[in-house]
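Presented below is the structure to which this report refers.
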Amino acid sequence: MKESQSNSVATLPVYETFYAFQGEGSHIGRAAFFIRTIGCPVQCSWCDSIGTWHKEHLPAKIEKIPVVELAQMARISGAPFVVITGGEPAIYDLTELTDALHAEGLKTHIETSGAYTIRGEFDWITVSPKWNMPPMVENVQKASEIKIIVENETSIEEWWNEIGEHCVPNSSRDSTPEIWLQPEANRQSPDLFNLITCAVKNHPRRYRAGVQLHKVYNCDMLDPNSKAPISL
Ligand code: SF4
Numbered sequence: 191m192k193e194s195q196s197n198s199v200a201t202l203p204v205y206e207t208f209y210a211f212q213g214e215g216s217h218i219g220r221a222a223f224f225i226r227t228i229g230c231p232v233q234c235s236w237c238d239s240i241g242t243w244h245k246e247h248l249p250a251k252i253e254k255i256p257v258v259e260l261a262q263m264a265r266i267s268g269a270p271f272v273v274i275t276g277g278e279p280a281i282y283d284l285t286e287l288t289d290a291l292h293a294e295g296l297k298t299h300i301e302t303s304g305a306y307t308i309r310g311e312f313d314w315i316t317v318s319p320k321w322n323m324p325p326m327v328e329n330v331q332k333a334s335e336i337k338i339i340v341e342n343e344t345s346i347e348e349w350w351n352e353i354g355e356h357c358v359p360n361s362s363r364d365s366t367p368e369i370w371l372q373p374e375a376n377r378q379s380p381d382l383f384n385l386i387t388c389a390v391k392n393h394p395r396r397y398r399a400g401v402q403l404h405k406v407y408n409c410d411m412l413d414p415n416s417k418a419p420i421s422l
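Residue numbers (my numbering): 191 to 422.
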């Protein structure tokens, strides 16, 4: 077990919380409350959430919020489910948080790179693998959906070679997760869109074309508690 995984938490260091809609994946367009935790050892070069981990962009004061309080905030928002994201939220033991959210009658979703053991009871697991720290097999096997960030013409094939065998029905899972292909935000081009389109057409039961709809709407920023995104 990695050192940072031994901390069971009743409080969480939180970068921001806000109420918006889920902009990606199978729950796209559904109202959701977001809890974005501090910290990410993965440190992708194109990260759009560097405020959560980059030493030059971390908040001067990092707030630790009791998980019970977070659950109450989520319930008061009116959202039907809560997306716990980061940073990399799986560096924390989220069991107490998911227990508190379920006690408030809320569904729990997590967005993770899959590089760390997922601790907590989740109703939906999104694994978005990153080459800096590829995902654990057990996380790919229990993912509800996979979100592949397409950076170039080889991304799709390389990720399928890396994780495809754990995405097909077998003794570890009884169905195939939805695999979303999402263009990396800084490299969007007609060529990249065409590449994704061809992959979806060539593998209609494997892939879905994705987009970050919240960035089109800029919907996160309607909540004053949301912080402006910072990218490298
Ligand atoms: S895993 Fe996500 S939060 Fe962490 S550096 Fe990569 S893109 Fe950013």
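Backbone N, C-alpha and C fix where the C-beta goes; we use that ideal spot for every residue, glycine too.
Note that the coordinates shown come from a computational prediction; the quantities given were computed from them, not determined experimentally.
Heavy atom of the ligand SF4 within 6 Å of residue i beta-carbon
| i | result |
| --- | --- |
| residue 233 | yes |
| residue 320 | yes |
| residue 213 | no |
| residue 304 | no |
| residue 147 | Nothing about residue 147 can be read from this structure; the chain reaches only from 191 to 422. |
| residue 400 | no |
| residue 229 | no |
| residue 278 | yes |
Residue i (DSSP reduced to helix, strand or coil)
| i | result |
| --- | --- |
| residue 410 | helix |
| residue 360 | strand |
| residue 399 | strand |
| residue 248 | coil |
| residue 220 | coil |
| residue 207 | strand |
| residue 227 | strand |
| residue 192 | Low local confidence applies: a pLDDT of 49 at residue 192 is under 50, so the model's placement there is unreliable, and no value is given. |
| residue 374 | coil |
| residue 337 | strand |
| residue 348 | helix |
| residue 355 | helix |
| residue 201 | strand |
| residue 369 | strand |
| residue 233 | coil |
| residue 212 | coil |
| residue 342 | coil |
CB-CB length for residue i against residue j, believed under 8 Å
| i | j | result |
| --- | --- | --- |
| residue 267 | residue 205 | Not really, about 17 Å apart at Cβ, beyond 8 Å. |
| residue 207 | residue 277 | Going by Cβ atoms, the distance from residue 207 to residue 277 rounds to 13 Å, so no, they are not a contact pair. |
| residue 274 | residue 287 | 7 Å |
| residue 283 | residue 199 | 6 Å |
| residue 396 | residue 369 | 6 Å |
| residue 319 | residue 338 | 7 Å |
| residue 346 | residue 317 | Not really, about 16 Å apart at Cβ, beyond 8 Å. |
| residue 417 | residue 219 | About 22 Å separates the two Cβ atoms, so there is no contact after all. |
Closest by C-alpha distance to residue i, when choosing among the options
| i | options | result |
| --- | --- | --- |
| residue 211 | 417, 419 and 412 | 412 |
| residue 311 | 326, 272 and 339 | 272 |
| residue 377 | 353, 370 and 342 | 342 |
| residue 307 | 323, 280 and 405 | 280 |
| residue 400 | 415, 213 and 269 | 213 |
| residue 330 | 315, 222 and 344 | 315 |
| residue 251 | 203, 361 and 352 | 203 |
| residue 225 | 320, 361, 239 and 215 | 239 |
| residue 289 | 259, 219, 303 and 323 | 259 |
| residue 293 | 325, 357, 328 and 257 | 257 |
| residue 435 | 382, 347, 221 and 408 | Given that the chain is displayed from residue 191 to residue 422, the structure contains no residue 435 and the question cannot be resolved. |
| residue 201 | 246, 416, 254 and 216 | 254 |
| residue 419 | 243, 322, 295 and 382 | 243 |
Any non-hydrogen atom of the ligand NAD closer than 6 Å to residue i Cβ
| i | result |
| --- | --- |
| residue 206 | Ligands in the displayed structure: the ligand SF4; the ligand NAD is not one of them. |
Any chain C beta carbon closer than 7 Å to residue i
| i | result |
| --- | --- |
| residue 245 | In the displayed structure, chain C is absent; only one protein chain is listed. |
Segments of 3+ residues assigned as beta strand (DSSP E) that fall wholly inside the stretch 250 to 329: Restricted to the stretch 250 to 329, the beta strand (DSSP E) segments that are unbroken, complete and at least 3 residues in length are 253 to 256, 271 to 275, 297 to 302 and 314 to 317, listed in chain order.
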